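Here the sequence shown stands for residues -20 to -1, 1 to 457, numbered as in mature numbering (1 follows the signal peptide of the UniProt record, and there is no 0).
Before any comments, here is the structure.
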Amino acid sequence: MASLFLPSASLLGLISLASGLAFNVPATPPSNASAQLSAAPVGVSLEFFTFPAYMNDVAATTTCLKNLKDLTGTWPPLRIGGTTQDRATYDPSSTSAVTYTVSSPSDAPSSLTFGPPLISLAANYGGSVILGLNRRLNNQTNSIAAAQLAKSEMTNLNAIELGNEPNFFTSSDPIANGASWTASADYASEVSWQEAVCGNLSASNIISAGVFFGTSPMSIAGLTSVEGNANDYVRDYCSHNYPQSASTANLATLMSHSSIASQIQPFAAEVSAANAKGKAHIFGETNSATQGGGGISPTFGAGLWILDYVMQSLLMGTEALYFHQGTIGNCQYCWWGRYDMGSPYFGAYFATMALAGADQIAPLDDHTTNYAAYAIYKAGSPVRVLLYNSDYYTSGTRSSQTYTLSGLASSSVTAKRLTAPYATSRIDQGQNPTVAGQTFVNGTCTIQGTLVVETATASAGSATFTVQASEALLVYL
Ligand SMILES: *[C@@H]1O[C@H](CO)[C@@H](O)[C@H](O)[C@H]1NC(C)=O
Ligand SMILES: *[C@@H]1O[C@H](CO)[C@@H](O)[C@H](O)[C@H]1NC(C)=O
Ligand SMILES: *[C@@H]1O[C@H](CO)[C@@H](O)[C@H](O)[C@H]1NC(C)=O
Ligand SMILES: *[C@@H]1O[C@H](CO)[C@@H](O)[C@H](O)[C@H]1NC(C)=O
């Protein structure tokens, strides 16, 4: 373990405090702290048809998930679903996890079947699993048969989805029966499917409901208003969120602390609606940008977005976020692939480091600037502070922000840094991010390199830290 001794006294001398930021770290969680956090809020969503291939054919998958488990003691929660869950039919006699044909390996199948081995593979995962089943094709008997096997075999079954992003269903989908697919049509369909599935399973508290992309025209607020007693069948209400698309792709906006606050703001009412029904809210599928991502998705800045988006979503009251991993070999925002690691994984890893073992987080800033600071609490006391400078850095002189933290109980603190050459850095272009000086081996996801832990001395309970543009620092109190 190497140590970089940060001479805090000389830093204080060199940098004008007037231009820096100062935050007191409250000794107990302040009034705007989060609710109790779950053990592993940073999860992964694997596209339905390609879940078996991720598990069986991509060597990095298990290690990338285990690296996160090693930080928290809990395997990251998994969701198996996406567009192809609503193209899938269960075949109880199939000896294959999935069966489909595609004309190019970069395509997703337009139709597929899955067999009991898919459920067994899901049952073997060490963490909890949300399983996405088909509603669009309107074969309730079929989805119930798959749900029954999942319930009997998966001791790790967290919830079942009945349809993916039904806001995109159309009148030509079998579920619509030729009628136009409106919000009220979907809400009625969700409730009746919950009743039928849970009636056959003799189960409650098991449906991940809603599963809407965005907040309009279908919303959790709307769905909960008609759930009635079926709310008992629901384990959580689920939103999907992709802040950008290829046509709007703007990395500076994606990763900006204040822009993240405004981007997620519409979901606050969804969280409230779920909580008012006594249920959790989750982002069951999320990532940086739809339609391939417009080039911003594989970058380090997208990893910084993950870091701050996770913190702000948890503060808003979301229980967990499941970052989507799509078609292997054709997935800009993926955290890993068969050959290379993806820069966004570093943000997920750092977020998990920040949250490991924590009970609550609290915002120290007001979410209106590019500079974030979060206090992280365990058993009522601050254990870490996360600092994030979301200024967008791509070339030239790299600016920095100084943060003076006061109220520190210890006279000596350590810190780990998340950095990369640029916000635009991509691993496949040779610009590797580092987390506390370390990287992950391409193809295997094994952590490698010498751990770099910085140290700072606190004087009268205060210490100053410098965070460069497009960088984050995790201070261990
Ligand atoms: C619906 O599923 C059942 C049982 O899983 C199957 O026997 C039937 O053929 C399916 N119906 C259609 C229209 O695909
Ligand atoms: C079980 O599922 C069938 C087929 O969808 C449905 O008709 C029936 O009402 C369900 N049973 C219960 C007890 O909900
Ligand atoms: C949280 O509360 C602190 C005061 O305790 C305040 O300075 C900060 O701006 C607040 N942040 C948010 C996002 O509410
Ligand atoms: C991963 O491979 C890419 C080439 O595709 C290379 O640019 C990068 O430096 C490698 N990263 C590590 C950590 O070895």
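Glycine is no exception: its CB is placed at the ideal position from the N, C-alpha and C atoms.
Since this is a predicted model, take the numbers as computed values, not measurements.
How about residue i and residue j: are their beta carbons less than 8 Å apart?
{"i": "residue 61", "j": "residue 112", "result": "yes"}
{"i": "residue 29", "j": "residue 88", "result": "yes"}
{"i": "residue 219", "j": "residue 250", "result": "yes"}
{"i": "residue 273", "j": "residue 232", "result": "no"}
{"i": "residue 399", "j": "residue 279", "result": "no"}
{"i": "residue 183", "j": "residue 425", "result": "no"}
{"i": "residue 254", "j": "residue 217", "result": "yes"}
{"i": "residue 186", "j": "residue 213", "result": "yes"}
{"i": "residue 308", "j": "residue 34", "result": "yes"}
{"i": "residue 430", "j": "residue 417", "result": "yes"}
{"i": "residue 347", "j": "residue 261", "result": "no"}
{"i": "residue 295", "j": "residue 343", "result": "yes"}
{"i": "residue 314", "j": "residue 327", "result": "no"}
{"i": "residue 383", "j": "residue 3", "result": "yes"}
{"i": "residue 297", "j": "residue 15", "result": "yes"}
{"i": "residue 266", "j": "residue 325", "result": "no"}
{"i": "residue 388", "j": "residue 454", "result": "no"}
{"i": "residue 181", "j": "residue 235", "result": "no"}
Could you check the C-alpha separation between residue i and residue j for me, to the nearest Å?
{"i": "residue 332", "j": "residue 158", "result": "46 Å"}
{"i": "residue -3", "j": "residue 392", "result": "Low confidence applies to residue -3: its pLDDT is 44, below 50, so where it sits in the model is not reliable, and the reading given next is rough at best. If you take the alpha carbons of residue -3 and residue 392, they lie about 24 Å apart."}
{"i": "residue 413", "j": "residue 310", "result": "22 Å"}
{"i": "residue 448", "j": "residue 353", "result": "14 Å"}
{"i": "residue 339", "j": "residue 364", "result": "12 Å"}
{"i": "residue 118", "j": "residue 282", "result": "37 Å"}
{"i": "residue 286", "j": "residue 225", "result": "16 Å"}
{"i": "residue 330", "j": "residue 450", "result": "14 Å"}
{"i": "residue 31", "j": "residue 79", "result": "12 Å"}
{"i": "residue 247", "j": "residue 361", "result": "29 Å"}
{"i": "residue 358", "j": "residue 381", "result": "27 Å"}
{"i": "residue 91", "j": "residue 51", "result": "38 Å"}
{"i": "residue 433", "j": "residue 368", "result": "17 Å"}
{"i": "residue 128", "j": "residue 109", "result": "15 Å"}
{"i": "residue 227", "j": "residue 240", "result": "18 Å"}
{"i": "residue 114", "j": "residue 123", "result": "6 Å"}
{"i": "residue 268", "j": "residue 18", "result": "23 Å"}
{"i": "residue 136", "j": "residue 103", "result": "6 Å"}
{"i": "residue 264", "j": "residue 395", "result": "31 Å"}
{"i": "residue 270", "j": "residue 152", "result": "23 Å"}
{"i": "residue 427", "j": "residue 421", "result": "6 Å"}
{"i": "residue 349", "j": "residue 67", "result": "43 Å"}
{"i": "residue 341", "j": "residue 397", "result": "19 Å"}
{"i": "residue 42", "j": "residue 419", "result": "17 Å"}
{"i": "residue 53", "j": "residue 334", "result": "14 Å"}
{"i": "residue 82", "j": "residue 203", "result": "36 Å"}
{"i": "residue 142", "j": "residue 401", "result": "43 Å"}
{"i": "residue 131", "j": "residue 160", "result": "33 Å"}
Decide if residue i is buried, meaning its Cβ has at least 16 other Cβ atoms within 10 Å, or exposed.
{"i": "residue 319", "result": "exposed"}
{"i": "residue 444", "result": "buried"}
{"i": "residue 12", "result": "exposed"}
{"i": "residue -11", "result": "For residue -11, the pLDDT reaches just 38, beneath the cut-off of 50, and the residue's location in the model is therefore unreliable, leaving the point undetermined."}
{"i": "residue 452", "result": "buried"}
{"i": "residue 208", "result": "exposed"}
{"i": "residue 322", "result": "buried"}
{"i": "residue 138", "result": "buried"}
{"i": "residue -7", "result": "Residue confidence for residue -7 is low, a pLDDT of 42 falling below 50, so the modelled location carries little weight and cannot support an answer."}
{"i": "residue 85", "result": "exposed"}
{"i": "residue 174", "result": "buried"}
{"i": "residue 168", "result": "exposed"}
{"i": "residue 438", "result": "buried"}
{"i": "residue 197", "result": "exposed"}
{"i": "residue 288", "result": "buried"}
{"i": "residue 65", "result": "buried"}
{"i": "residue 293", "result": "buried"}
{"i": "residue 156", "result": "buried"}
{"i": "residue 446", "result": "buried"}
{"i": "residue 317", "result": "buried"}
Sorry if obvious, but does the Cβ on residue i come closer than 7 Å to a heavy atom of ligand 6?
{"i": "residue 288", "result": "As presented, the structure is devoid of ligand 6, carrying ligand 1, ligand 2, ligand 3 and ligand 4 as its sole ligands."}
Compare the C-beta of residue i against all C-beta atoms of chain D and say whether one is closer than 8 Å.
{"i": "residue 330", "result": "No chain D is part of this structure, which consists of one protein chain only."}
If we require 4 or more residues per run, which alpha helix (DSSP H) segments fall completely within the segment 272 to 351?
List check, alpha helix (DSSP H) in window: 280 to 296, 324 to 335.
At a cut of 8 Å, does the segment 367 to 376 reach the segment 16 to 36 through at least three beta carbon pairs?
The segment 367 to 376 makes no contact with the segment 16 to 36; the number of CB pairs closer than 8 Å stays below 3.
Which full runs of the beta strand (DSSP E) of 3+ residues lie inside the segment 151 to 216, going along the chain?
For the segment 151 to 216, whole beta strand (DSSP E) runs of length 3 or above, ordered along the chain, are 187 to 193.
Whole beta strand (DSSP E) elements within the segment 385 to 421, 3-residue minimum:
As far as the segment 385 to 421 is concerned, its whole beta strand (DSSP E) runs of at least 3 residues are 392 to 399.
Between the segment 96 to 112 and the segment 65 to 78, can you find at least three pairs of beta-carbon atoms closer than 8 Å?
Contact between the segment 65 to 78 and the segment 96 to 112 is present, because at least three Cβ pairs lie under 8 Å.
Going residue by residue through the segment 32 to 117, where are the continuous beta strand (DSSP E) segments of at least 3 residues, counting only ones entirely within it?
Taking only runs of at least 3 residues, the beta strand (DSSP E) segments lying wholly in the segment 32 to 117 are 58 to 61, 68 to 70, 92 to 94, 109 to 113.
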